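Top line first, the protein sequences correspond to chains A and B. Going by our numbering, the first sequence opens with residue 1, and the numbers climb by one from there. Going by our numbering, the second sequence opens with residue 1001, and the numbers climb by one from there. Where is the CB? At the ideal position from N, CA and C, for every residue including glycine. Treat the numbers as computed from the prediction; the structure is a model and nothing was measured. Notes to accompany the following structure.
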Amino acid sequence: MITKSADKTPKIEVEVTHIQQVSDIIKRFTFTPVDGAPLPVFGGGAHIVVEMSDGDIIRRNPYSLVSKPGTTDNYQISVRRDDVGRGGSLYMHNTLKVGDHLLVSHPVNLFHIDRRARKHLLIAGGIGITPFLAMMAELEDEVANFELHLSARTDGAFLDELRGLYGSKGSFYRDDHNEVIPLNDLLTGQPLGTHLYVCGPNGMLEWVLRTAEDAGWPSQNVHYERFLAPATGLPYEVNLATSGITVRVGGHQSMLEAIEAAGVDAPYLCRGGACGQCETRVVSYDGELLHNDHFLTEEEHASGTKIMPCVSRFQGRELVLER
Amino acid sequence: MLVEGIKSRPIYHPLEPKPGSRHILVADAEGAEAILELATKTPDGFWDKARILYIPRSAVGKGYEERLQALTPFPLYVGPTIAAAIPRLTKELSDAQMGTQIYLAGTEGLVGQAMIVALEAGVDQGSIQRDHRGSEARRVQCVHCKGITEEVTTQPVKCTHCGLMLLVRDHYSRRIGAFQGVCIDAEQPGTAPEPEEAFL
Chain A
1 MITKSADKTP KIEVEVTHIQ QVSDIIKRFT FTPVDGAPLP VFGGGAHIVV
51 EMSDGDIIRR NPYSLVSKPG TTDNYQISVR RDDVGRGGSL YMHNTLKVGD
101 HLLVSHPVNL FHIDRRARKH LLIAGGIGIT PFLAMMAELE DEVANFELHL
151 SARTDGAFLD ELRGLYGSKG SFYRDDHNEV IPLNDLLTGQ PLGTHLYVCG
201 PNGMLEWVLR TAEDAGWPSQ NVHYERFLAP ATGLPYEVNL ATSGITVRVG
251 GHQSMLEAIE AAGVDAPYLC RGGACGQCET RVVSYDGELL HNDHFLTEEE
301 HASGTKIMPC VSRFQGRELV LER
Chain B
1001 MLVEGIKSRP IYHPLEPKPG SRHILVADAE GAEAILELAT KTPDGFWDKA
1051 RILYIPRSAV GKGYEERLQA LTPFPLYVGP TIAAAIPRLT KELSDAQMGT
1101 QIYLAGTEGL VGQAMIVALE AGVDQGSIQR DHRGSEARRV QCVHCKGITE
1151 EVTTQPVKCT HCGLMLLVRD HYSRRIGAFQ GVCIDAEQPG TAPEPEEAFL
């Protein structure tokens, strides 16, 4: 059962053809196009936005594609169950079944391989491994020089598979054995022309980015992906000046979701504060803009003239957006 | 005679200390001043990780060698010419690792040629700083015969390889570290204006 999507972003209807339990909290889903036409090609690091009709709510969550780049007869994603999240991953884990239909976006890549690199150093934490699964398949195909360092809770998801596929190119660190990535040695011992890619929980990401900066790595050689789940907070109202309507944003809803639910077509790509596509002009406001994205600069945040409705919120008397 | 606003014209900035595991500094002539100015801003320990390559050229006898040597515990390399210093820089970079910072200062000829070596070694542009000091003389490539004429100070200039009179443009090639020279009297050979000192 498909609920027709309100927005104009092109979508592909897919069927869930396989669900694999990768670990106690991770499942891998295989989607096959309903019309049988080849899916758009993607590169390592790309993601799709999966649209879920969860009761009255339409959820749109971005997930990295984990299948081999070049595959056009199916897309695979891996989803970690978040029991205290907003509900998207719980829907994927508990409700979605083989045979169900879904809408997915075309692939978008905000975390692609930089082919100027002489060596690729990949650092992942936990489920942050997902974009690297496709990237490594691509690097392996190109006989590129790469190295993976993955830190995970236990010996669970993906480790056996990765050991089999990449052997000595992978180093694995288990939290339950108190093993830590030797980051300083790793970042000071790389040949010139190495590019660093990081994906993982926020604390780890900050640690790696800070250590790389202190070690003198130029920012051009450091790539990272940080998808934010939209922050929750107090409900508030937004006036959409162009559409001439007022929208109420629920506590567990993002501003973008509320705008979409009101039938207004708003642009988006990543829905995680990373890509900048949903940037919206603030006409006026009386209160506080709660910026949560990492696309706008600090100056732009302070200027009070722009907001990214996919992750940012508002608190105060009135907010008017040009939408 | 020069066209304004050519985007490939290099932009230079004063050298600033950056965090790094190794600092390689290359200067010629008055470029030494840029390194000495940098030294007023460097944090503790900076010069213990620094190697300086210096080519005195027109500033020979001005005592820069002693002042540069005083900055670092490692022997200062003093080269007779840019061409002689290039293999030395290649060697310095051969075992360099990520976190190496490059500081280039002096004539555009030195800065451009040292930059080529650094880029070829795999140094990212974000790790290379450039400051232009001293002579404005240009390294010019003739677009017709591809020969490079060093130390060009006049406009126009006679190509030392094919003899055409060249208009020296701001159009700069990062790949070969030289400005572009285009025949100035192609329509009516022999009508080129007299060369005048333009890049002193």
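- Leu1110 (chain B) is outside the set of residues whose beta carbon lies under 9 angstroms from a beta carbon in chain A.
- With a threshold of 16 other beta carbon atoms within 10 Å, Ser284 (chain A) falls short and is exposed.
- When Cβ-Cβ separations below 9 angstroms define contact, Asn221 (chain A) makes contact with chain B.
- Glu206 (chain A) has a beta carbon lying at 9 angstroms or more from every beta carbon in chain B.
- Spanning the alpha carbons of Ile77 (chain A) and Arg28 (chain A) requires a straight line of approximately 6 angstroms.
- Minimum Cα-Cα distance from Leu205 (chain A) among the listed residues A:Gly128, A:Asp293, A:Ile12 and A:Val264 corresponds to A:Gly128.
- For Phe29 (chain A), the enclosing beta strand (DSSP E) has its first and last residue at Ile26 to Pro33.
- With respect to the 9 angstroms criterion, Thr1090 (chain B) and Val1117 (chain B) are classified as neighbours on the basis of their beta carbons.
- In this structure, Ile1052 (chain B) places its C-beta atom within 9 angstroms of the C-beta atom of Ile1035 (chain B).
- Against chain A, the beta carbon of Thr1100 (chain B) has neighbours under 9 angstroms at Leu192 and Gly216, listed in chain order.
- In summary, Arg163 (chain A) is exposed, with fewer than 16 beta-carbon neighbours lying within 10 Å of its beta-carbon over all protein chains present.
- With fewer than 16 other beta carbons inside 10 angstroms of its own, Asn184 (chain A) counts as exposed.
- At the C-beta level, Phe158 (chain A) and Leu122 (chain A) stay beyond 9 angstroms of one another.
- Residue pairing by DSSP places Ala152 (chain A) opposite A:Arg174 in a beta bridge.
- Here the stretch 107-121 of chain A makes contact with the stretch 42-50 of chain A; the two share three or more CB pairs at distances below 8 angstroms.
- Residues of the stretch 1116-1138 of chain B whose Cβ lies closer than 8 angstroms to any Cβ of chain A, in chain order: Ala1121, Gly1122, Val1123, Asp1124, Gln1125, Gly1126 and Ser1127.
- The CB of Ala1096 (chain B) comes closer than 9 angstroms to the CB of Pro191 and Leu192 in chain A, given here in chain order.
- Note: Asn202 (chain A) is not bridge-paired with any residue in the DSSP secondary-structure output.
- In this structure, A:Gly250 is the residue among A:Gly250, A:Glu322 and A:Leu296 with its C-alpha nearest to the C-alpha of Gln315 (chain A).
- Counting along the chain, Lys1041 (chain B) sits inside no alpha helix (DSSP H), nor does DSSP assign it H or E at all.
- In this structure Arg271 (chain A) is buried. Its beta-carbon is surrounded by 16 or more other beta-carbon atoms within 10 angstroms.
- For Gln1097 (chain B), the secondary structure class from DSSP, reduced to helix, strand or coil, is strand.
- Pairing Gly216 (chain A) with Pro1043 (chain B) gives a Cβ-Cβ distance that is not under 9 angstroms.
- Contact holds between the stretch 1126-1139 of chain B and the stretch 1104-1117 of chain B, because three or more Cβ pairs, one in each stretch, are under 8 angstroms apart.
- With fewer than 16 other Cβ atoms from the protein chains shown falling within 10 Å of its own Cβ, His18 (chain A) counts as exposed.
- Judged by DSSP secondary structure, Tyr285 (chain A) falls outside any alpha helix (DSSP H) and instead within the beta strand (DSSP E) spanning Thr280 to Leu290.
- Within the stretch 101-128 of chain A, those residues whose Cβ lies closer than 8 angstroms to any Cβ of chain B are, in chain order, Arg118.
- Annotation for Leu1110 (chain B): Asp1028 and Ile1082 place their beta carbon closer than 6 angstroms to its own, counting only its chain and skipping 5 residues before and after.
- For Phe295 (chain A) and Cys275 (chain A), the gap between their C-alpha atoms comes out near 7 angstroms.
- Leu187 (chain A) has a beta carbon lying within less than 9 angstroms of a beta carbon in chain B.
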